[in-house]
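Asker: Chain order of the listed sequences is X and D. Position 184 (the first sequence) corresponds to 184 in the UniProt record's numbering; numbering is contiguous. Position 29 (the second sequence) corresponds to 29 in the UniProt record's numbering; numbering is contiguous.
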Amino acid sequence: MTVPVVDRGGIPVADRPDWRWRSWDERDPGRIPVLIALVLIALVFQALNGAYLSADNLVNLALQASTTGILTLGVVLVLMVGQIDLSVGAVSGVAAAVVTVGFVRAGWPLIVAVLVAVAVGTALGAGYGWMFARLGVPSFVITLSGLMVGVGLQAQVLGPTASVNLPYESGLVRFAQQTFLPPVLSAGLVVAVVLAYTTSRLVDRRRRIAAELSAPSLGATAARIAALAAGLGVPVWYLSRGRGVGAIVAVFIGLVWATDIVLRRTQWGRSVRAIGSSVESARLAGFPVRRVYIAAFMACAGLAALAGVLSAGRFAAANQSTGGADLTLTAIAAAVIGGTSLFGGRGSAWSAVLGVAVIHAISSGLTLLTADGSLRYIVTGVVLALAVTVDAVSRRSRGVPGR
Amino acid sequence: MTRPPVMSLRGITHSFGAVRALIDVDLDVSAHEVVAVVGDNGAGKSTLVGVMAGALVPDAGEVVVDGREVRLSSPGLARQLGIATVFQDLALCEDLDVVENLFLGQELRRGPVLDEVAMEREALRLLAQLSARVTSVRGPVSGLSGGQRQAVAVARALLGEPRVLVLDEPTAALGITQTAEVLNLVERVRDRGYGVVLVSQNMADVQAVADRVVVLRRGRVNGDFDAETASYEDIIAAITGIAPTRRRGGVS
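1) Under three-state DSSP, which class holds Arg22/X?
2) Give me the chain D residues within the contact set of Leu284/X, using Cβ-Cβ distance strictly less than 7 Å, ordered along the chain.
3) Using a Cβ-Cβ cutoff of less than 7 Å, which residues in the same chain neighbour Arg218/D once the five nearest sequence positions on both sides are dropped?
4) Taking 8 Å as the threshold (beta carbon to beta carbon), is Thr389/X in contact with chain D?
5) Tell me which residues of the stretch 165-180 of chain D have at least one Cβ-Cβ distance to chain X shorter than 9 Å, keeping chain order.
6) Taking C-beta to C-beta, are Ala97/X and Val151/X nearer than 8 Å?
7) So with Cβ pairs under 8 Å, would you call Asp95/D a contact of chain X?
8) For residue 482/X, name the three-state secondary structure that DSSP assigns.
9) Can you list, in chain order, the residues of the stretch 107-119 of chain D whose Cβ is nearer than 7 Å to any Cβ on chain X?
10) Under the three-state reduction of DSSP, which class applies to Arg192/D: helix, strand or coil?
11) Mind pulling the chain D residues with CB within less than 7 Å of Arg265/X?
12) Per DSSP, Val166/D forms a beta bridge with which residues?
13) Do the stretch 332-352 of chain X and the stretch 76-89 of chain X meet, that is, are 3 or more Cβ pairs less than 8 Å apart?
14) Using only the alpha-carbon positions, how far apart do Val29/D and Gly76/D sit?
15) May I ask you to report which of helix, strand or coil DSSP gives Asn57/X?
16) Report yes if the C-beta distance between Gln64/X and Leu53/X is below 8 Å; otherwise report no.
17) Locate the beta strand (DSSP E) running through Ser163/X, then write down its first and last residues.
18) Smallest Cα separation from Ser163/X: which of Ala296/X, Ala331/X, Gly93/X and Val272/X?
19) Under 6 Å Cβ to Cβ from Gly50/D, same chain only, skipping five residues before and after it: list those, please.
20) Please go through the same chain and pick out, in chain order, the residues whose beta-carbon is closer than 7 Å to the beta-carbon of Gly54/D, but skip the five residues on each side of it.
21) For the beta strand (DSSP E) containing residue 260/D, list its first residue and its last residue.
22) Out of Trp350/X, Gln267/X, Ala95/X and Thr367/X, point me to the one whose CA is closest to Ile253/X's CA.
23) Using a Cβ-Cβ distance cut-off of 8 Å, determine whether Gly339/X contacts chain D.
24) Taking C-beta pairs closer than 7 Å, name the residues in chain X that Gly50/D reaches, listed in chain order.
25) Exposed or buried, Pro170/D, counting other C-beta atoms within 10 Å across all chains shown (16 or more means buried)?
26) Please classify Tyr128/X as buried or exposed, where buried requires at least 16 other C-beta atoms within 10 Å of its C-beta.
27) Where does the unbroken beta strand (DSSP E) through Arg10/D begin, and where does it stop?
28) From which residue to which residue does the alpha helix (DSSP H) around Val152/D run?
29) Going by C-alpha distance, which of Leu81/D, Ser15/D, Ala31/D and Val64/D is nearest Pro58/D?
30) If you count every other CB in all the chains shown that lies within 10 Å of the CB of Ser231/D, and 16 or more means buried, which is it?
31) Counting beta carbon pairs with one atom in the stretch 203-221 of chain X and one in the stretch 106-122 of chain D, are three or more of them shorter than 8 Å?
32) What are the start and end residues of each continuous beta strand (DSSP E) run of 3 or more residues lying completely inside the stretch 128-158 of chain X, in chain order?
33) Compare the C-beta of Gly160/D against all C-beta atoms of chain X and say whether one is closer than 8 Å.
34) Kindly indicate which residue of Tyr168/X, Arg283/X, Ala352/X and Ala250/X has the alpha-carbon position closest to the one of Cys300/X.
35) For Val110/X and Ala84/D, I'd like the C-alpha separation in whole angstroms.
36) In three-state terms, what does DSSP make of Val101/D?
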């Protein structure tokens with residue numbers, strides 16, 4: 001039996017209209033404005049060029065966005081603990097070099113080359129984490145030097161030719177360029193995810209009612225399920241009118257989904273948000289702060305390496321420009337545009353999807369309009385400035401000083 | 001003293017380099033009792049809190065919990081032994097909601113995932129017990145007032161069913177209404193059978209809720225008063241050391 005909590009006026013809190021069950025992601029403020037921005041971007045570019053929203057263009061857009069998205073997902077993790085990794089682009093470049101050189105020149109089996117590349121990235125991340133958590137060097141400086149070391153390593157691995165091509169018939173290139181989920185499979189996955197979500201919502205609702213806690217109405221639950229079904233189903237259906245959902249797109253979304261579960265539903269995820277919010281409080285609460293920092297840096301660099309491997313497959317080559325400086329900035333910008341706070345503690349794995357969607361929607365639109373590349377930088381920069389401003393202002397209005 | 005103490009400090013002595021912060025300090029806390037620890041700046045209050053919280057291991061002296069000598073070598077160990085401390089800065093995470101903060105580091109799990117339902121139910125129960133006025137247990141702590149935050153921090157300290165609750169300057173940053181709220185909270189905690197150590201510089205608060213007042217001055221116990229009978233002047237005199245003090249009982 002629970003005694004109702006009352007407010008100052010003695011009214012039971014549970015009876016007040018603002019008292020309702022809200023999941024963590026629903027409280028995340030950054031999501032709705034980004035979705036509106038995305039719709040506006042789509043409408044503007046569609047008005048300027050009728051091919052913009054065609055299935056073919058969106059299939060390409062999704063492929064382009066996915067490798068950046070995997071980088072962004074790693075950046076989100078590091079930002080959530082209140083740190084930064086400026087070297088994700090360089091790490092992805094090193095991984096791309098390792099996988100191509102290992103596979104083409106050294107003749108390793110593909111799977112070995114991929115695993116070595118990802119392991120090299122993760123090891124770099126472990127180095128950052130160790131230097132930060134054990135020696136107290138600021139992550140900004142560690143990863144900046146990591147960026148330089150990475151660029152150098154990349155050149156060393158590539159050797160004098162500075163560019164290595166992957167054969168088109170290799171598994172990696174086929175996976176990244178030509179593999180698409182069959183429509184039946186993608187539809188089946190959508191149905192499975194919606195069913196799993198429905199089950200978890202209903203079980204959760206029943207437990208809340210059994211525990212005499214405020215529970216969402218059946219209508220609200222149905223609305224959320226319908227929103228998920230539409231949010232997954234419509235894009236998948238639309239992409240299937242073109243070539244379909246690319247394999248790397250599925251990998252990206254799967255990684256985001258898994259990361260989201262870990263961040264929201266596990267104690268480790270809770271420790272990530274606690275550390276980003278207040279390290280001292282997290283330490284006093286008994287979280288293994290150093291280990292979580294190290295894990296976040298390792299996951300970020302590991303994901304960056306995976307993104308590098310996949311982009312080597314998508315371009316069927318690795319060279320010195322793979323993962324150039326622009327890519328790191330794009331990934332960090334995407335994380336912030338998607339709603340992850342630069343100040344730590346607030347964010348979501350899904351902000352990686354939203355953020356890269358916005359950035360690639362703009363760049364794809366400008367490419368279709370055959371606009372100068374310089375314009376893309378300016379527009380992306382302005383969008384980033386807007387996103388950071390929203391972050392800082394919302395933080396100030398909540399009474400929390402930014403760092 | 002009628003009840004046996006739940007926690008006794010015996011001859012606690014601690015130095016920071018050449019500075020002797022605590023010298024031969026004794027302190028007893030019983031169940032159903034609020035013991036106020038007062039003293040001027042630098043009297044050793046914070047050091048004493050650190051010792052009770054397990055954050056500081058004293059150079060000499062012993063801590064007896066339930067008649068057994070223990071070594072409070074870490075905050076976790078102090079908690080396990082039933083001594084919960086609410087630090088002055090509360091150690092809350094601003095971005096996390098009330099339930100998340102209450103269970104920070106001690107999350108309830110259902111298999112591999114967090115059991116939000118059980119945690120929310122327990123949070124509501126604890127806050128209701130303290131008659132805490134918290135607008136939403138699923139809203140971030142950054143939206144709460146100072147008094148509400150104190151309530152959340154106290155509720156968190158009570159989570160593991162401790163015997164002794166140590167509050168470090170709980171009203172230092174609060175206004176009049178919120179201070180009253182927190183003092184009510186302290187009384188409710190005592191009435192539930194906990195021993196409370198209230199470390200404070202505010203004599204009005206101390207006189208409002210304390211059963212006993214222990215005065216620290218330059219690291220030593222300079223008086224142990226019954227709050228019912230001691231006068232304000234006696235206590236101030238013991239704090240400042242200006243007038244001779246009358247000692248009553250308590251100090252062994």
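All residues carry an ideal CB built from backbone N, CA and C; glycine is no exception. This one's a predicted model, so the numbers in the text were calculated from it and none came from an experiment.
Answerer: Taking the geometry as given:
1) Residue placement at Arg22/X cannot be trusted, given a pLDDT of 41 that sits under 50; the coordinates are not used to answer.
2) Pro75 and Ala91
3) Ala43
4) no
5) none
6) no
7) yes
8) For chain X, the structure presents residues 1 to 403; residue 482/X sits outside this window and is missing.
9) Glu107, Arg109, Pro112, Val113, Leu114 and Val117
10) coil
11) Val113 and Leu114
12) Thr85/D and Val197/D
13) yes
14) 20 Å
15) helix
16) no
17) Ser163 to Asn165
18) Gly93/X
19) Leu56
20) Leu72, Ser73, Ser74, Pro75, Leu77 and Ala78
21) The structure shown does not extend to residue 260/D, since chain D spans only 1 to 252, so no value can be given for it.
22) Trp350/X
23) no
24) Neighbours of Gly50/D on chain X: none; closest Cβ ~12 Å, over 7 Å.
25) buried
26) buried
27) Met7 to Phe16
28) Gly146 to Leu158
29) Ser15/D
30) exposed
31) yes
32) none
33) no
34) Ala352/X
35) In the sequence as displayed, the identity of residue 110/X is Leu instead of Val. Answer to the nearest angstrom: the Cα atoms are 56 Å apart.
36) According to the sequence displayed, residue 101/D carries Asn and not Val. Asn101/D: helix per DSSP, three-state reduction.
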